Amino acid sequence: MVDTPTADSPAEPDITHVNPAKEATWFGHPRQLARLFTTEMWERFGYYGMRALLTLYLTQHFMFGDREATGIYGGFTALVYLTPLVGGYLADQYLGSKRAVKFGAIIMSLGYAILCFGGPTATPYATIDGQRYEVSIEKQADKEVRYVVDGSKKLEIKGNDDGSVDLLNAGAVERKVEKGKFESNADRSPLYVMVLLIALSMVSVGNGFFKPNISTMVGELYEQGDRRRDSGFTIFYMGINTGSLFSQILCPWLAVAYGWSWGFGLAAIGMMISWALIQFNGGKLNGYGEPPAGPKVNSQQWIIYAAALCVVPLFYLLYVNLMHSAAPAEGSGFLGYVASLPLMGKLLFGSFLLGVPAILIWSFVAGSRTEFQMMLAAMVLIVFNVVFWTLFEQAGSSLTLFADRNTDLSVFGLFTITAGQTQFFNAAFIVLLAPFMSIMWGALAKRGLEPSIPVKFGIALIGVAAGFLLLVWGAAYADAGFKVSIWWLAGLYFIHSAAELCISPVGLSMITKLSIARIVGLMMGVWFLSISVAQYVAGVIAQFASVDTVGGQVTNLKVSLDVYVKVFTTISIAAIILGVLLLLLSWPLKYWMHGVK
Ligand code: GLN
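Under numbering that gives the first Met the number 0, the first residue of the sequence shown carries the number 0, and numbering increases by one thereafter.
Right, dumping it as structure tokens:
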């Protein structure tokens, strides 16, 4: 029997926006969330699987020195977060999110597949006092030893604590090379370096189409004011990390056991599954992520795809420029530093440092006093967001190299994991902590104790610093071989993950609430730009943590441990100071936010 409202029994209030009864649900959410969850899960499977390998691929297969490898890595991840600015806009105006996601998925999986073609491993050589020597690598028991080949003699390379290098013949020092006189590099095929950079360019272009638009589709599932929106995004965030959790175990394992191409190949397969899930969605996503109506859309989509492909060679040139930029001369000061920045750095810093004040000036002139204050609060938080991700994103570069060089990777003496696999800690902790943190925020909110957004940002900054300081503490307990137990690194990732949950899931929704409505898309772009700038700066910081290597292996583990400890301590102190500053600023910020939570 169907109840019809009568004058005596008034109609139930309309709660369809809270729980639309006619639709089947998935954990109480629109069932389309399940499809978007798995699509994003497989996309992140590909991205993080590749990311876990990339720095090691650059240092061990291409045998780039640390400075070059971390520079390329930072530039690549910066572009990965820069392209969503344009990809989001193109989807809104022309393509619709669904088409953009499909196109992005194809380009990204092609990028991962192309990464499989790395050519032969680079051939290392050393230059001593201007003379070139071949370097041979030999496997001995559980380690690899590097030798300088001098005529018929093979001299073992041993870096000393003071930066000089000893060349050993049957254990005895045959030749001592002063600090700075021993340089190492490798011969690598220019063709395969080009292939590598094109693949990376494709991944960053593809991500621009995929990443912002899959999130937009999640947002579309909920009506304005639907209380399930935040928890929907939390579930989605779990999807992100479930995907990356598995690939960060599997891809590095495949890479070590069978070769790099197997690792990248699996990332490409994951990405293709993501594409298939959205391409063949069986009509589940009809009505979501559709292009804006209008006759121009169909003809224009091919122009957009073609233009996107033209960006690939453009990015390639940015990488070439990045790789050829020299370190600034010592004592050249801030201006000298800016002048020495590669084109990519100038572009990123330029747009951020000019864009942020320009938008603020505009909001001062065009907006009301309240609107201006809300925009000011958003911008302050965006600037601090750069600091957070700069430290956090050491994960894929300096922390992966730390895991490779100065970490004892044995787990309870039962088995050993690979350096790339240490990346899985972050994802695993997010999956474990996300539900707990969301219950905790809820419980605190009920008592009126939930920290404000600026306080959460401040906690996150201090947290990310605390994670590094924990590792620095652990470094004091390094073994005789200067290796630190893996549990210190796991502890760092535990704290970093909790910190991430204070900042990352709240960031996007906060921007939408604080922004002047007319420019919300632009502000979202500035948010992504801030993460992009952070990735670039993270690369620069990782460059400061560069150590001398021969054929991808450090010459002295004590020196590398000291360098990591020094850099990690310095960035932690900076982040703590900025975190405390933000906590102090949280009072005016809360006022400027005018009730936005
Ligand atoms: N781990 C999250 C993701 O990949 C957030 C990363 C970020 O915003 N920097 O989506």
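The C-beta atom is built at its ideal place from N, Cα and C for all residues, glycine as well. For clarity, every value in this text was computed on a predicted model and none was experimentally measured.
Exercise for review: Would you tell me roughly how many angstroms separate the C-alpha atoms of residue 123 and residue 59, rounded to the nearest one?
Suggested key: The sequence position of residue 123 within the sequence shown is 124, counting from 1. The sequence position of residue 59 within the sequence shown is 60, counting from 1. Taken atom to atom, the span from the alpha-carbon of residue 123 to that of residue 59 is near 10 angstroms.
Review point. For the 8 angstroms Cβ check, are there 3 or more pairs between the segment 273–292 and the segment 446–458?
Key: The segment 273–292, when compared against the segment 446–458, does not touch it at the 8 angstroms Cβ threshold.
Practice item. Check the C-beta distance from residue 243 over to residue 44 and give it rounded, since I have them as a contact under 8 angstroms. Key: Within the sequence shown, the letter at position 244 stands for residue 243. Within the sequence shown, the letter at position 45 stands for residue 44. The pair is a contact, with the Cβ atoms about 7 angstroms apart (cut-off 8 angstroms).
Point to revise | Pick from 168, 169 and 162 that is closest to residue 180, judged by C-alpha positions | key: By one-based count along the sequence shown, residue 180 stands at place 181. Taking only the C-alpha atoms, the option nearest residue 180 is 162.
**Study point:** Rounded Cβ spacing between residue 115 and residue 264 (contact assumed at less than 8 angstroms)
**Key:** Translated into the one-based positions of the sequence shown, residue 115 becomes position 116. Translated into the one-based positions of the sequence shown, residue 264 becomes position 265. Contact between residue 115 and residue 264 holds, since their C-beta atoms are separated by about 5 angstroms, short of 8 angstroms.
Practice item. Mind checking which residues open and close the beta strand (DSSP E) that includes residue 621? Key: Outside the displayed range of the chain (0 to 596) lies residue 621, so it cannot be described from this structure.
Point to revise | Cβ-based burial, residue 372 [other Cβ within 10 Å; buried from 16] | key: For this step, residue 372 is matched to residue 373 along the sequence shown. Note on residue 372: 16 or more other CB atoms within 10 angstroms of its CB, so buried under the neighbour-count rule.
Exercise for review: Please confirm whether residue 276 and residue 75 have their CB atoms less than 8 angstroms apart.
Suggested key: Taking the sequence shown and counting its residues from 1, the one referred to as residue 276 is at position 277. Taking the sequence shown and counting its residues from 1, the one referred to as residue 75 is at position 76. Contact: no.
Check your understanding: Is it the case that the CB of residue 396 approaches a heavy atom of the ligand GLN more closely than 7 angstroms?
Key -> Counted from its first residue, the sequence shown places residue 396 at position 397. Residue 396 Cβ: outside cutoff for every heavy atom of the ligand GLN.
Review point. Taking the alpha carbon of residue 570 as the point to measure from, which residue in 589, 543, 449 and 593 has its own alpha carbon closest?
Key: Counting from 1 along the sequence shown, the entry for residue 570 is found at position 571. Residue 543 is the option with its Cα nearest to residue 570.
Point to revise | heavy atom of the ligand GLN below 7 angstroms from residue 531 C-beta | key: For the purposes of this step, residue 531 is taken as the residue at position 532 of the sequence shown. No, the beta carbon of residue 531 sits no closer than 7 angstroms to any heavy atom of the ligand GLN.
Review point. Per DSSP, residue 548 forms a beta bridge with which residues?
Key: As a working note, residue 548 is residue 549 in the sequence shown. Bridge partners of residue 548: 553.
Check your understanding: Across which residues does DSSP place residue 123 in a beta bridge pair?
Key -> The residue given as residue 123 occupies position 124 in the sequence shown. Residue 123 is bridged to 185.
Check your understanding: Which value, in whole angstroms, describes the spacing of the CA atoms of residue 305 and residue 197?
Key -> The sequence position of residue 305 within the sequence shown is 306, counting from 1. The sequence position of residue 197 within the sequence shown is 198, counting from 1. Cα to Cα, residue 305 sits roughly 16 angstroms from residue 197.
**Study point:** Cα-Cα separation between residue 93 and residue 578, rounded to whole angstroms
**Key:** Here residue 93 corresponds to residue number 94 of the sequence shown, with the count starting at 1. Here residue 578 corresponds to residue number 579 of the sequence shown, with the count starting at 1. If you take the alpha carbons of residue 93 and residue 578, they lie about 41 angstroms apart.
Review point. What residue does the alpha helix (DSSP H) around residue 42 start on, and which one ends it?
Key: Against the sequence shown, residue 42 aligns to sequence position 43. First-last of the alpha helix (DSSP H) with residue 42: 31–55.
Check your understanding: Curious, which full-length alpha helix (DSSP H) runs of at least 4 residues does the segment 207–280 contain?
Key -> Counting whole runs of 4 or more residues, the segment 207–280 contains the alpha helix (DSSP H) stretches 228–257 and 259–278.
Check your understanding: Taking the DSSP output, what are the residues bridged to residue 164?
Key -> Reading the sequence shown from its first residue, position 165 is the one you call residue 164. Residue pairing by DSSP places residue 164 opposite 158 and 176 in a beta bridge.
Review point. Which class does residue 409 belong to by DSSP, given the choice of helix, strand or coil?
Key: Mapped onto the sequence shown, residue 409 falls at position 410. Correct three-state label for residue 409: strand.
Check your understanding: Does any CB atom of chain C fall closer than 8 angstroms to the CB of residue 232?
Key -> The question asks about chain C, but that chain is absent: this structure has only one protein chain.
Check your understanding: Helix, strand or coil: which one does DSSP assign to residue 403?
Key -> The residue labelled residue 403 in the question sits at position 404 within the sequence shown. The answer is helix: DSSP assigns residue 403 an H, G or I state.
Practice item. Report all residues from its chain with a CB closer than 6 angstroms to the CB of residue 168; omit the five preceding and five following residues, and keep chain order. Key: As a first step, residue 168 must be located in the sequence shown, where it is residue number 169. Within the same chain, residue 168 has close Cβ partners 154.
Practice item. Would you check if the distance between the CB atom of residue 500 and the CB atom of residue 432 is smaller than 8 angstroms? Key: Along the sequence shown, one-based indexing puts residue 500 at 501. Along the sequence shown, one-based indexing puts residue 432 at 433. A contact, by the Cβ cut-off of 8 angstroms.
Exercise for review: Give me whichever residues DSSP pairs with residue 28 in a beta bridge.
Suggested key: Here the question's residue 28 lines up with position 29 in the sequence shown. When beta bridges are read from the DSSP output, residue 28 appears opposite 25.
Review point. Relative to the ligand GLN, is the shortest distance from any of its heavy atoms to the C-beta of residue 526 smaller than 7 angstroms?
Key: The residue you call residue 526 lines up with position 527 of the sequence shown. At a cut-off of 7 angstroms, the beta-carbon of residue 526 does not count as near the ligand GLN: no heavy atom of the ligand is closer than that.
Exercise for review: My understanding is that residue 522 touches residue 377, with C-beta atoms under 8 angstroms, so please give their C-beta distance in whole angstroms.
Suggested key: Sequence index remark: in the sequence shown, residue 522 carries index 523 (1-based). Sequence index remark: in the sequence shown, residue 377 carries index 378 (1-based). With a contact defined as Cβ atoms closer than 8 angstroms, residue 522 and residue 377 qualify at about 7 angstroms.
Exercise for review: Answer with buried or exposed for residue 20, where buried requires no fewer than 16 other C-beta atoms within 10 angstroms of its C-beta.
Suggested key: Taking the first residue of the sequence shown as position 1, residue 20 is located at position 21. The predicted model places residue 20 with a pLDDT of 44, which falls under 50 and marks its position as unreliable; any figure quoted below should be read in that light. Result: exposed.
Exercise for review: Give the secondary structure of residue 171 by DSSP, where H, G and I count as helix, E and B as strand, and everything else as coil.
Suggested key: Residue numbering aside, residue 171 sits at position 172 when the sequence shown is read from its first letter. Reduced to three states, the DSSP call for residue 171 is strand.
Point to revise | residue 30 Cβ short of 7 angstroms to the ligand GLN heavy atom set | key: Sequence index remark: in the sequence shown, residue 30 carries index 31 (1-based). Checking every heavy atom of the ligand GLN against the Cβ of residue 30, none is found closer than 7 angstroms.
Check your understanding: By Cβ distance, which residues of its chain are closer than 8 angstroms to residue 274, with the 5 residues on each side in sequence left out?
Key -> Indexing the sequence shown from 1 puts residue 274 at position 275. Cβ neighbours of residue 274 within its own chain (closer than 8 angstroms, five residues either side excluded): 101, 104, 105 and 108.
Check your understanding: Any idea what DSSP makes of residue 323, helix, strand or coil?
Key -> Stepping through the sequence shown from its first residue, residue 323 is reached at position 324. In the structure shown, residue 323 sits in coil (DSSP, three-state: anything other than H, G, I, E or B).
**Study point:** Pick from 150, 412, 173 and 365 that is closest to residue 156, judged by C-alpha positions
**Key:** Taking the sequence shown and counting its residues from 1, the one referred to as residue 156 is at position 157. When only C-alpha atoms are compared, the closest one is 173.
Point to revise | Selection from 25, 340, 424 and 245 that minimises the alpha carbon distance to residue 230 | key: For this step, residue 230 is matched to residue 231 along the sequence shown. When 25, 340, 424 and 245 are compared, the shortest CA-CA separation from residue 230 is found for 25.
Check your understanding: Quick one: what does DSSP say residue 476 is sitting in, helix, strand or coil?
Key -> For the purposes of this step, residue 476 is taken as residue 477 along the sequence shown, with counting starting at 1. In the three-state reduction of the DSSP assignment, residue 476 falls in the coil class.
Practice item. Could you please give me the residues that DSSP links to residue 414 through a beta bridge? Key: Along the sequence shown, read from residue 1 onward, the residue named residue 414 stands at position 415. As DSSP reads the structure, residue 414 sits in a beta bridge with 410.
Review point. When the Cβ atoms of the segment 430–445 are set against those of the segment 471–481, are three or more pairs found closer than 8 angstroms?
Key: No, because fewer than three Cβ pairs between the segment 430–445 and the segment 471–481 fall closer than 8 angstroms, the two stretches do not touch.
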